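Participant:
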Amino acid sequence: MNKTIRRASVFCLLMVLALLVRATWVQAYEARALADDEHNRRNTIAQYAQPLGDIIVAGSPVTGSKRTSGGDLQYKRTYTQGELYAAVTGYSSQAYGATQLEGIYSDVLDGTDDRLKNPADVITGRQTAPGSVLTTIDPDVQKAAFEALGDDKGAAVAMDPKTGRILGMVSSPSYDPSGISGTADGDAWQELLDDKDKPLVNRALRQPLAPGSTFKLVVAAAALEDGLYGSVDEPTDSPDPYTLPGTTTVLKNESSTAPCENATLRTALKYSCNTVFAKAAADLGQDKVKAMADRFGFDTKELDVPVRASESVYPTGMDKAQTALTGIGQFEVTATPMQMAMVSAALANGGELAAPHMVSQVTDENGATLEEFPDGDTERVVSGSTAEQLRSAMVTVVEEGTGTNARIPGAEVGGKTGTAQNGVDNSNTPYAWFTSYAKDRSTGKEVAVAVVVEDSGSARSEVSGNGLAAPIAQKMMKAALGG
């Protein structure tokens, strides 16, 4: 063999080896990345090649699948009472992807999760039958919240204080996920995007707002745990009106006749005295208030229920005047309804916060458990004594104070109202809040609820936590207790 042929042969051999190495690399190392690439249409074709698994509420599916009439996507997602459960399910769209439970458990619901496969399926890559997602939602609580919110813009969350099970989650305005589940729903999708009320946003989890006076429960807990005050019935050192530290700004109370001067924490919660809690926050200092807020769940960046909730924030780097304003849930304090439900739930559960969760089980087609979420995984937030005292004060709020619209005959009900400023110099309609718990005296059944009404169309003078949010909470609590 002459020299030229030998060189050419060696070069060709090297090229073949390079091709073999590249092919091996692609098959062995890059296959998963290529398969998972968002531009790989085969994934979407496979996802909708068979009916999807279902999201289950109280033993019944709230989702389904429908055979399509043409194209390479054989099935599309359908929803039973889609608007009612949109804040729970999210959507699964052939064109726009999937969100919330539909997105988190997409592999289970379309049958591609490896846990659904036997060894032969893994080797052959055969698509298996999909699994199901079992939620903790109580349909009666969900319906009560949805109907009570009606056309109001806002959100509501209910949870079992002992187990952490989320019993209801509603965001309003809602939308029907069926309307955007196909490939030809561009007009409906754009309408949702253009809607100024943002129906695609889950306000229960993803819309932190100023919590207003509902945050006074956190400040009261900090004051008791720190020993600033020995009990909810000990007089405080609270002038009325109160001048914010280092300023000439005078903070007043909503009612000029309320007995807020040196009021006890019970009386201050009953009448929602701004002066008492602003001064308590300033006296405690931002570090102590923040420490208590964080124990309730504020400033948690990864609160997954399993849908991730936006972070509820207690700010830092404040002066004493700003710290005082946080005592009444203003300045830069923000909270989601989920967070404020957690506050009431911890107090209702003797000071222990059960991890909130909306899914109980993930199963395969035969009902075998793939994943399970335990009830009652708790962390202590405050002492049993502090929780008991604050529950007693919250009952006073409902029985005698600003939360009377939450009363339920035969049940122990405690709550806290809030009316939070909105916009520069409170130029926009205030937010109406209510956070509460209820316990059936005969059965021992319990529930914790938080409601926010961002806008009900009411005149500013008619906006209050008791007037707008408490009636919604009352209906949810009554449904949870079986009333």
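Mapping of the sequence shown onto numbering that gives the first Met the number 0: position 386 corresponds to residue 385, and the numbering continues sequentially without gaps.
Where is the CB? At the ideal position from N, CA and C, for every residue including glycine.
Remember, it's a predicted structure, so these values are computed and weren't measured experimentally.
#1: Do the CB positions of residue 432 and residue 400 come within less than 8 Å of each other?
#2: Measure the beta-carbon distance from residue 296 to residue 243 and round it to whole angstroms, keeping in mind my assumption that it falls under 8 Å.
#3: Residue 133 lies in the beta strand (DSSP E); which residues open and close that run?
#4: I'd like to know if the region 344–364 and the region 319–327 are in contact, where contact means that at least 3 CB-CB pairs between them fall below 8 Å.
#5: Touching or not, the region 452–461 and the region 152–172, by the rule of three or more beta carbon pairs under 8 Å?
#6: Taking residue 437 as the reference, give the member of 477, 364, 469 and 81 with the closest Cα.
#7: Pairing CB atoms from the region 74–91 with CB atoms from the region 167–174, are three or more of them under 8 Å?
#8: Between residue 417 and residue 402, how many whole angstroms is the CB-CB distance? I'm expecting something under 8 Å.
#9: Using a Cβ-Cβ cutoff of less than 6 Å, which residues in the same chain neighbour residue 83 once the five nearest sequence positions on both sides are dropped?
#10: If distances are taken between C-alpha atoms only, which option among 138, 11 and 93 comes closest to residue 73?
#11: Just to confirm, is the Cβ distance from residue 265 to residue 385 under 8 Å?
#12: Ignoring anything shorter than 4 residues or poking outside the region 300–360, list the alpha helix (DSSP H) runs there in chain order.
#13: Kindly indicate which three-state DSSP category residue 104 falls into: helix, strand or coil?
#14: With three or more C-beta pairs closer than 8 Å as the rule, is the region 303–320 touching the region 92–108?
#15: What I want to know is whether the C-beta of residue 470 ends up closer than 7 Å to one or more non-hydrogen atoms of the ligand ATP.
#16: Does the beta-carbon distance from residue 405 to residue 435 come in below 8 Å?
#17: Identify the residues that DSSP records as bridge partners of residue 171: which are they?
#18: State the Cα-Cα distance for the pair residue 444 and residue 457, rounded to the nearest angstrom.
#19: Please state the DSSP three-state secondary structure of residue 79.
#20: Per DSSP, what kind of secondary structure is residue 468 in: helix, strand or coil?
#21: So, using beta-carbon positions, are residue 180 and residue 198 closer together than 8 Å?
#22: Taking a contact to mean a Cβ-Cβ separation below 8 Å, would you say residue 175 touches residue 81 in this structure?
#23: Thinking just about the alpha-carbon of each residue, which of 68, 262 and 311 is nearest to the one in residue 183?
#24: Assuming residue 246 and residue 328 make a contact with CB atoms under 8 Å, what is their CB distance in whole Å?
#25: Which of helix, strand or coil does DSSP assign to residue 453?
#26: Under a three-way DSSP split, which group does residue 186 fall into?
#27: Exposed or buried, which one is residue 17 when buried takes at least 16 other CB atoms within 10 Å?
#28: Nearest to residue 546 by alpha carbon, out of 357, 365 and 387?
#29: Does the beta carbon of residue 398 come closer than 8 Å to any beta carbon on chain C?
#30: Per the DSSP calculation, residue 245 is bridged to which residue(s)?
Facilitator: With the structure as the only source:
#1: Start at 1 with the first residue of the sequence shown, and residue 432 comes out as number 433. Start at 1 with the first residue of the sequence shown, and residue 400 comes out as number 401. Contact: no.
#2: Sequence index remark: in the sequence shown, residue 296 carries index 297 (1-based). Sequence index remark: in the sequence shown, residue 243 carries index 244 (1-based). Separation of the CB atoms of residue 296 and residue 243 is rounded to 28 Å, and the pair is thereby denied contact status at 8 Å.
#3: In the sequence shown, counting from the first residue as 1, residue 133 sits at position 134. Note, residue 133: beta strand (DSSP E), 131–134.
#4: No, the region 344–364 does not touch the region 319–327.
#5: Touching, per the Cβ criterion.
#6: Looking up residue 437 in the sequence shown gives position 438. Nearest option by C-alpha distance: 477.
#7: Look at the beta carbons and you see the region 74–91 touching the region 167–174: at least three pairs across the two are nearer than 8 Å.
#8: As a position in the sequence shown, residue 417 is number 418, starting the count at 1. As a position in the sequence shown, residue 402 is number 403, starting the count at 1. Not a contact, Cβ separation roughly 10 Å.
#9: For the purposes of this step, residue 83 is taken as residue 84 along the sequence shown, with counting starting at 1. Same-chain partners within the cutoff: 145.
#10: Translated into positions along the sequence shown, residue 73 becomes position 74. Ranking 138, 11 and 93 by CA distance to the CA of residue 73 puts 93 first.
#11: For the purposes of this step, residue 265 is taken as residue 266 along the sequence shown, with counting starting at 1. For the purposes of this step, residue 385 is taken as residue 386 along the sequence shown, with counting starting at 1. No, they are not a contact pair.
#12: The qualifying runs are 319–325 and 336–347.
#13: Within the sequence shown, numbered from 1, the residue matching residue 104 stands at position 105. The answer is coil: DSSP assigns residue 104 none of H, G, I, E or B.
#14: Taking 8 Å as the limit for Cβ pairs, the verdict is that the region 303–320 does touch the region 92–108.
#15: Here there are no bound small molecules, and the ligand ATP is not part of this structure.
#16: Counted from its first residue, the sequence shown places residue 405 at position 406. Counted from its first residue, the sequence shown places residue 435 at position 436. Between residue 405 and residue 435, the C-beta gap is smaller than 8 Å, which places the two residues in contact.
#17: Taking the sequence shown and counting its residues from 1, the one referred to as residue 171 is at position 172. In the DSSP output, where bridge partners are listed per residue, residue 171 has 153.
#18: As a position in the sequence shown, residue 444 is number 445, starting the count at 1. As a position in the sequence shown, residue 457 is number 458, starting the count at 1. When only Cα atoms are considered, residue 444 and residue 457 end up about 34 Å apart.
#19: Within the sequence shown, residue 79 is the residue found at index 80, counting from 1. Secondary structure at residue 79: coil, using DSSP grouped into helix, strand and coil.
#20: Here residue 468 refers to the residue found at position 469 of the sequence shown. Residue 468 carries a helical assignment under DSSP once its states are collapsed to helix, strand and coil.
#21: Residue mapping note: residue 180 aligns to position 181 of the sequence shown, counting from 1. Residue mapping note: residue 198 aligns to position 199 of the sequence shown, counting from 1. Taking 8 Å as the Cβ cut-off, residue 180 and residue 198 do not qualify as a contacting pair.
#22: Counting from one through the sequence shown, the residue named residue 175 turns up at place 176. Counting from one through the sequence shown, the residue named residue 81 turns up at place 82. Cβ atoms of residue 175 and residue 81: closer than 8 Å.
#23: Looking up residue 183 in the sequence shown gives position 184. The shortest Cα separation from residue 183 among 68, 262 and 311 belongs to 68.
#24: Here residue 246 refers to the residue found at position 247 when the sequence shown is read from its first residue. Here residue 328 refers to the residue found at position 329 when the sequence shown is read from its first residue. Contact flag wrong, Cβ pair sits at about 19 Å.
#25: In the sequence shown, the residue the question calls residue 453 occupies position 454. Of the three classes helix, strand and coil, the one that applies to residue 453 here is strand, per DSSP.
#26: Numbered from its first residue, the sequence shown carries residue 186 at position 187. DSSP places residue 186 in the helix class (H, G or I) of the three-state scheme.
#27: Start at 1 with the first residue of the sequence shown, and residue 17 comes out as number 18. Exposed: under 16 other Cβ atoms inside 10 Å.
#28: Shown here, the chain extends from 0 to 482; a query on residue 546 therefore has no answer.
#29: Among the protein chains of the structure shown there is no chain C, as only one such chain exists.
#30: As a position in the sequence shown, residue 245 is number 246, starting the count at 1. Answer is none; residue 245 lacks a bridge partner.
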